[in-house]
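Numbering (this note's numbering), first residue to last: 7 to 428.
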């Protein structure tokens with residue numbers, strides 16, 4: 007079960023709590039504790055300054071894959087994140103900024119060996135918005151310095167920066183053109199100038215069309231380069247481009263949208279099974295990666311207390327296989343996913359019912375992955391706006407399935423939680 011307490015005042019908010027789970031497999035117990043805090047120094051329409059703190063501690067046993075259980079393994083994590091977020095009108099523009107730092111310390115005992123990992127990130131984001139006639143121009147920069155030190159792959163540092171500009175031009179009442187440029191650097195990698203362009207056409211009050219094109223760049227992360235579980239220090243940055251078209255229709259009750267897209271990557275960074283063991287994976291560059299997909303979304307508000315959603319996603323991903331000199335499918339999480347949702351809220355009672363079906367999954371290691379469907383349901387009751395009692399039942403139909411090979415998802419799970427706000 008889980009328990010949480012929230013305190014809200016005019017200029018600050020605090021939430022803390024924790025939970026415990028005995029797990030459904032041998033050696034799978036876990037417990038967690040968390041603290042969230044926000045303090046508003048300034049909170050005005052044109053100026054704001056807030057301090058955010060997030061802390062989490064977790065201890066859990068590691069059961070390992072079913073084909074090779076690990077009855078003695080465990081892991082502990084501590085994470086802290088501190089950020090200062092604000093906005094202010096300066097030089098006739100609205101500027102938003104964020105300065106942050108986060109720390110993650112993980113210790114574990116796995117397969118008879120002790121491990122110790124420490125990760126730190128320090129960064130800043132800055133963006134300014136200017137309005138000139140029919141134009142809204144956005145300029146910005148972001149930078150982050152990452153540092154890691156571990157018993158496995160030593161000490162490493164990596165700095166990533168990005169500079170961008172974007173213009174949103176209302177050409178006419180029904181037309182809007184969005185264009186932008188971005189340039190990134192990451193360690194020893196420098197990106198080309200990456201353009202982005204989008205065109206929005208408002209057909210009428212109910213129907214709109216959006217067309218988009220953009221180029222992208224991603225440099226390898228510290229985990230990609232130096233992870234003990236298959237990192238590759240010789241990785242190249244990936245580059246690519248994406249095309250998409252979106253149509254949306256809405257009225258007072260319904261919203262229906264269709265998005266069709268295609269992306270192509272060069273030197274795509276991804277994981278690959280290298281064998282012979284099921285857990286032998288490594289990060290590699292793939293000469294070419296292509297993805298063709300579509301998203302269909304229907305949302306309906308039937309009345310003041312009953313809503314429904316239908317979502318279908320198709321994501322057909324293929325990687326270039328140098329062994330066969332052709333593309334091979336790579337739909338790790340399934341080529342198709344259908345989600346049905348129903349939500350109810352009236353007075354102090356709320357409830358959500360969700361069904362998800364995933365099919366056409368690629369093999370993991372050398373194992374065929376089956377299709378699966380899962381139903382989740384929850385019911386909540388709030389007393390005088392202060393105390394909320396919640397019952398959640400995950401995997402309501404008690405289905406047996408795996409998202410990752412060798413790690414079965416929990417059988418039917420009951421969870422009771424209580425939240426108190428004052």
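All C-beta atoms in this analysis are idealised placements derived from N, C-alpha and C, irrespective of residue type, glycine included.
**Item:** residue 197 in three-state terms, based on DSSP
**Value:** coil
**Item:** Ordered list of beta strand (DSSP E) runs contained in the region 300 to 374, each at least 3 residues
**Value:** 312 to 327, 332 to 335, 342 to 352 and 355 to 365
**Asked** Going by C-alpha distance, which of 83, 158 and 92 is nearest residue 109?
**Response** 83
**Cβ contact (3+ pairs, closer than 8 Å) linking the region 373 to 381 and the region 324 to 336** = no
**Message:** Looking only at its chain, what residues have a beta carbon closer than 7 Å to the beta carbon of residue 23, apart from the 5 residues adjacent to it on each side?
**Reply:** 8, 9, 10, 11 and 40
**Asked** When burial is assigned at 16 or more other CB atoms within 10 Å of the CB, is residue 323 buried or exposed?
**Response** buried
**Request:** In angstroms with no decimal places, state the Cα-to-Cα distance between residue 160 and residue 232.
**Result:** 9 Å
**Asked** To the nearest angstrom, how far is it from the Cα of residue 117 to the Cα of residue 70?
**Response** 9 Å
**Asked** What is the DSSP secondary structure of residue 229, reduced to helix, strand or coil?
**Response** helix
**Message:** Quick check: what's the CA-CA separation for residue 362 versus residue 413?
**Reply:** 19 Å
**Prompt:** Relative to the C-alpha of residue 176, which residue among 187, 140, 195 and 191 is closest?
**Reply:** 140
**Message:** Counting beta carbon pairs with one atom in the region 180 to 188 and one in the region 160 to 172, are three or more of them shorter than 8 Å?
**Reply:** yes
**Request:** Using three-state DSSP, classify residue 11 as helix, strand or coil.
**Result:** strand
**Message:** Assuming residue 340 and residue 360 are in contact, meaning their beta carbons sit under 8 Å apart, how far apart are those beta carbons, in whole angstroms?
**Reply:** That pair is no contact at about 16 Å.
**Contact check, residue 90 vs residue 105, beta carbons under 7 Å** = yes
**Message:** Between which residues of its own chain and residue 342 is the CB-CB distance below 6 Å, once the five residues before and five after are set aside?
**Reply:** 320, 365 and 366
**Prompt:** Do residue 313 and residue 349 have their C-beta atoms closer together than 7 Å?
**Reply:** yes
**Item:** Host beta strand (DSSP E) of residue 276 (start-end)
**Value:** 260 to 279
**Message:** Cutting at 6 Å between CB atoms, please list the residues of its own chain near residue 125, excluding the five before and the five after it.
**Reply:** 110 and 154
**Item:** Residue closest to residue 102, alpha-carbon to alpha-carbon, out of 130, 274 and 75
**Value:** 130
**Asked** When the Cα of residue 167 is compared with those of 152, 178, 179 and 158, which residue comes out closest?
**Response** 152
**Asked** Is it buried or exposed for residue 325, if we count other Cβ within 10 angstroms and need 16 for buried?
**Response** buried
**Request:** Over the uninterrupted beta strand (DSSP E) stretch that includes residue 72, give me the two end residues.
**Result:** Element bounds for residue 72: n/a, residue is neither H nor E.
**Item:** Three CB pairs or more closer than 8 Å across the region 252 to 271 and the region 186 to 198
**Value:** no
**Item:** Collapsed DSSP secondary structure at residue 209 in the structure displayed
**Value:** coil
**Request:** Evaluate residue 295 with the Cβ neighbour count: other Cβ atoms within 10 Å of its Cβ, from every protein chain shown; 16 or more gives buried, anything less gives exposed.
**Result:** buried
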